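Enquirer: Just passing along the structure, written as structure tokens.
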Amino acid sequence: MTKIDMRDAFFEKLVEAARLDERIIILSADHSAFALKKFEEEIPDRYINIGIAEQNMVGVAAGLAASGKIVFIYGISPFVSLRVLEQLTIDVAAMQLPVNVISVGAGFTYSTDGPTHQGLQDVSVVATIPGMTILNSSCPTNTRAFVEMAISSEKPHYIRIEKEVLSDFLDGFEFRFNANAGYSSFGDLDSKLIIITTGITGQIVSSKLKKWTQEFKTSIRLIDVYRIKPFPNLIAELKGHTHIVVVDETYRSIVGSNISSLLLKINEQQRILIEDTGEIFQFLGSTREFMTDFAGLSPTRLERKIALFLGQD
Amino acid sequence: MTRYSELNLSTIELEEKSRQIRIDILKAIHKAGKGHIGGAFSIVEILVSLYYGNVLKFDSKKPKWAFRDRFILSKGHAGVALYAVLADLGYFPRQELDYLNQGRLLGEHPDPRIPGIEVVSGSLGHGLSVGSGMALADKMEKNSRNTFVLMGDGECYEGSVWEAAMFASHHELHNLCGIVDRNGLITHGATESINRLEPFTDKWKAFGWEVFEVNAHDLNELQETWKKITSKKSGAPPMVIANSVKGKGVSFMENNFSWHHGGIDDIKLGSALRELGI
């Protein structure tokens, strides 16, 4: 199965779109990527490195968008979310302008750089902004699709793209992408256990799905949520599964909160386990695998916790 | 269609218009119960000269007219002053001023639901960046129109203002005109005693702007300045440091920071209106 850096998957598609649509402009807060270089070289008039000034970047993007442009702004997760929360709220969302944040560095992506650079808070924060769609990349197909989704809607988007080299989940699972659904689903519809992921955790869990099916002696349904806001209608998907696990590489999972709310509506006797990183400032620098394991989200740690969760009956 | 930009009022007419606008502001705030009087009064001549002095290109019956100049009131708390102008120009019915902050069209801070308002403002330090984006788009499209951004001097404490200042100067946005209402007072006192802004003109010059210092209440001086600015075809963005008096026009409000925000009772309203010739 073909693997690709998610930044390349996104920006290659964006270059294709920009060739045809002169409204598209990219602003960067002094951050680049291989395929973004291609945009810069091919369409220099519509690429501006704005310097390390993210608040101004969002404001300028809003001004361009108010003048008929479709703007993509690029930077590292905390700097294009926490730092610019007010600009995104007032200048972009309140006026529903077509400004699309490309946020790189989800979760522990910048694993050696500490909490200043890690994307553990961005989704929670951005989710508070009315009218801001949040998309979370987990595979090349959805990452590429985000470009067209953002351009065609002409509304604000916060698009989290992974920096990892990934493929479209695992062989053996039928993968059908539906741009309107907000999630992708795999595995047995009638399973006792359903695992809900978002972003990189979809890859972590799908890589263990076959093993866990044997270990836990139960079939498993996997839902990968790529549109966190507006949150997809998962009521039909959740019904009938007795054990629900949410895995999310953030401090406090917005996906988990949304799933919990849906379960209250369903009102069945369902158990839920939400696995996020918890509220930790982890200053140790190491690999993403190390950080994920420390936060309890590595495959090994998850396997133990889910086994325990299933054994609670 | 009211295209006042084609009318070019005389200085005497502009002065009379300023007096009327101040009366409208006072009455609106009196009916609303409270409002930002001081900072609204300090920008009246700036607004009047821009809108009635053949400076801004606009069409009050077509607020989204594609070739209009853009005006951003970045110091959004003075929205009532802009509302009074827009109502007078026919962007919306004058009676809306009587319902300021009463669940109808006009809230304390501007938003684009209101005809003639380009952007949401209220939180300070946003307008210059947004205006830079607008001016950049016009430069890219080779449009000849201008974008004006009016800020407060206290607003210039915000770091984002200086991010935008660097950007606009680097990109030589000659079609972006910054204006600072330099009334010297913020909510709780003088800028120079709270957190010094001076040397303010030098700061803008150092950031690469072409600075024009003017008396914010001298309509002749303002008109001369706008002429110089709108004739610019390239180079540094212009910045107008408009030295103003907070509360200008009513003696007991002038240079008194306690009139930054609040209500006005019937007795004080009567005194203020008498000073304004009613």
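Sequences listed follow chains V and S, in order.
Numbering that gives the first Met the number 0 applies: residue 0 is where the first sequence begins, and numbers increase by one.
Numbering that gives the first Met the number 0 applies: residue 0 is where the second sequence begins, and numbers increase by one.
All residues carry an ideal CB built from backbone N, CA and C; glycine is no exception.
Note that the structure is a prediction, hence the values are computed from the model and not measured.
1. Would you mind working out which of V:Asp44, V:Phe33, V:Leu19 and V:Asp7 sits nearest Ile25 (chain V), comparing C-alpha positions?
2. So, for Ala60 (chain V): in the same chain, excluding its five sequence neighbours on each side, which residues have a beta-carbon less than 6 Å away from its beta-carbon?
3. Can you list, in chain order, the residues of its chain whose CB lies under 8 Å from that of Ser168 (chain S), leaving out five sequence neighbours each side?
4. Below 8 Å, can you find three or more Cβ-Cβ pairs linking the segment 133 to 150 of chain V to the segment 81 to 88 of chain V?
5. For chain S, check one thing: does any of its Cβ atoms lie closer than 8 Å to the Cβ of Asn55 (chain V)?
6. Three-state secondary structure (DSSP) at Tyr157 (chain V)?
7. Distance cutoff 8 Å, beta carbons only. Does Gly132 (chain S) sit that close to anything in chain V?
8. Looking at the structure shown, is Met0 (chain S) part of a helix, part of a strand, or coil, going by DSSP?
9. Going along chain S, which residues have a C-beta under 7 Å from Ile314 (chain V)?
10. I want to verify the contact list: residues of chain V whose CB lies under 8 Å from the CB of Phe166 (chain S), in sequence order.
11. Starting from Ala28 (chain V), trace the beta strand (DSSP E) both ways and give me its first and last residue.
12. Any residues in the segment 61 to 76 of chain V with a beta carbon nearer than 9 Å to a beta carbon of chain S? Which ones, in chain order?
13. Once DSSP output is grouped into helix, strand and coil, what is the label at Asp20 (chain V)?
14. Can you grab the Cα-Cα spacing for the pair Met0 (chain S) / Leu88 (chain S), in whole Å?
15. Can you tell me whether Pro266 (chain V) is buried or exposed, with buried defined as 16 or more other CB within 10 angstroms of its CB?
16. Ser120 (chain S) and Ser73 (chain S) - do their beta-carbons sit closer together than 8 Å?
17. Between the Cα of Gly52 (chain S) and those of S:Gly37, S:Thr10, S:Ala136 and S:Val239, spot the shortest distance and give me the residue it belongs to.
18. Please report the residue range of the alpha helix (DSSP H) in which Glu191 (chain S) lies.
19. Verify the CB distance criterion: does Ala8 (chain V) have a CB-CB separation below 8 Å to chain S?
20. With H, G and I counted as helix, E and B as strand and the rest as coil, what does DSSP make of Val98 (chain V)?
21. Can Gly153 (chain S) and Ile71 (chain S) be called in contact, C-beta distance under 8 Å?
22. Compare the Cα-Cα distances from Lys2 (chain V) to each of V:Glu161, V:Phe289, V:Leu19 and V:Asp292 and report the closest residue.
23. Mapping DSSP to helix, strand and coil, what is Asn174 (chain S)?
24. In angstroms with no decimal places, state the Cα-to-Cα distance between Ile228 (chain S) and Leu55 (chain S).
25. Is the Cβ of Ser73 (chain S) closer than 8 Å to any Cβ of chain V?
26. Which residues in the same chain as Ile128 (chain V) place their Cβ atom closer than 7 Å to its Cβ, once the five residues preceding and following it in sequence are excluded?
27. Determine, using beta carbons only, whether Ile199 (chain V) and Ile227 (chain V) come nearer to each other than 8 Å.
28. Since Asp20 (chain V) contacts Gly50 (chain V) with CB under 8 Å, what's their CB separation in whole angstroms?
29. In angstroms with no decimal places, state the Cα-to-Cα distance between Gly262 (chain S) and Gly34 (chain S).
30. Quick check on this structure: which residue in V:Gly113, V:Asn177, V:Gly310 and V:Ser218 has the alpha carbon closest to the alpha carbon of Met290 (chain V)?
31. In this structure, does DSSP put Gly102 (chain S) in helix, strand or coil?
32. Leu96 (chain S) and Pro114 (chain S): beta carbons closer than 8 Å?
33. Label Val164 (chain V) either buried or exposed according to how many other C-beta atoms from any shown protein chain fall within 10 Å of its C-beta, with 16 as the threshold for buried.
34. Please list, in chain order, the residues of the segment 167 to 194 of chain S that have any C-beta partner in chain V closer than 7 Å.
35. Taking Cβ-Cβ distances shorter than 7 Å, what residues in chain S pair up with Met94 (chain V)?
Expert: Based on what the coordinates show:
1. Of the candidates V:Asp44, V:Phe33, V:Leu19 and V:Asp7, the one whose C-alpha sits nearest the C-alpha of Ile25 (chain V) is V:Asp44.
2. The beta carbon of Ala60 (chain V) sits closer than 6 Å to those of Leu26, Val70, Ile72 and Val98, all from its chain and outside the five residues before and after it, given in chain order.
3. The answer, listed in chain order, is Phe206, Gly207, Trp208, Ala235 and Pro236.
4. No, because fewer than three Cβ pairs between the segment 133 to 150 of chain V and the segment 81 to 88 of chain V fall closer than 8 Å, the two stretches do not touch.
5. Yes, contact with chain S.
6. In the structure shown, Tyr157 (chain V) sits in a strand (DSSP, three-state: E or B).
7. Interface residue, yes.
8. Bear in mind that the predicted position of Met0 (chain S) carries a pLDDT of just 46, short of 50, making it too unreliable to give a figure here.
9. This structure cannot speak to residue 314 (chain V), because chain V is shown only from 0 to 312.
10. Correct list: Ile49, Gly50, Ala52, Asn55 and Val59.
11. DSSP places Ala28 (chain V) in no beta strand (DSSP E); its state is neither H nor E.
12. So the list reads Ala61, Gly62, Leu63, Ala64, Ala65, Ser66, Gly67, Lys68 and Val70, given in the order they occur along the chain.
13. In this structure, DSSP gives Asp20 (chain V) a state outside helix and strand, which the three-state scheme calls coil.
14. Low per-residue confidence applies at Met0 (chain S): pLDDT is 46, beneath 50, and the placement is therefore not dependable enough to give any value.
15. According to the sequence as given, residue 266 (chain V) is Asn; it is not Pro. Counting the other Cβ atoms within 10 Å of the Cβ of Asn266 (chain V) gives fewer than 16, which makes it exposed.
16. Taking 8 Å as the Cβ cut-off, Ser73 (chain S) and Ser120 (chain S) qualify as a contacting pair.
17. When each option's Cα is compared against that of Gly52 (chain S), the closest is S:Thr10.
18. Residue range Thr190 to Ile193 is occupied by the alpha helix (DSSP H) that includes Glu191 (chain S).
19. Put simply, the CB of Ala8 (chain V) is far from chain S, with every gap to its CB atoms at 8 Å or more.
20. Note: Val98 (chain V) maps to strand in three-state DSSP.
21. Cβ distance not < 8 Å, so Gly153 (chain S) and Ile71 (chain S) don't count as in contact.
22. Nearest option by C-alpha distance: V:Glu161.
23. Collapsing the DSSP output to three states places Asn174 (chain S) in coil.
24. Near 12 Å, if we compare the C-alpha coordinates of Leu55 (chain S) and Ile228 (chain S).
25. Answer no: the Cβ-Cβ gap between Ser73 (chain S) and chain V never drops below 8 Å.
26. Excluding residues within five positions, the ones whose Cβ falls inside 7 Å are Leu87, Thr88 and Ala92.
27. Using a Cβ distance threshold of 8 Å, Ile199 (chain V) and Ile227 (chain V) do not count as a contacting pair.
28. Asp20 (chain V) to Gly50 (chain V), Cβ: 26 Å. No contact.
29. The alpha-carbon of Gly262 (chain S) is positioned some 6 Å away from that of Gly34 (chain S).
30. Nearest of V:Gly113, V:Asn177, V:Gly310 and V:Ser218 to Met290 (chain V), Cα basis: V:Gly113.
31. In this structure, Gly102 (chain S) counts as coil in the three-state DSSP scheme.
32. At least 8 Å separates the beta-carbon of Leu96 (chain S) from that of Pro114 (chain S).
33. Of the other Cβ atoms in all chains shown, fewer than 16 fall within 10 Å of the Cβ of Val164 (chain V); this residue is therefore exposed.
34. Here the close residues number zero.
35. Under the 7 Å cutoff, chain S gives Pro111, Val118 and Val119.
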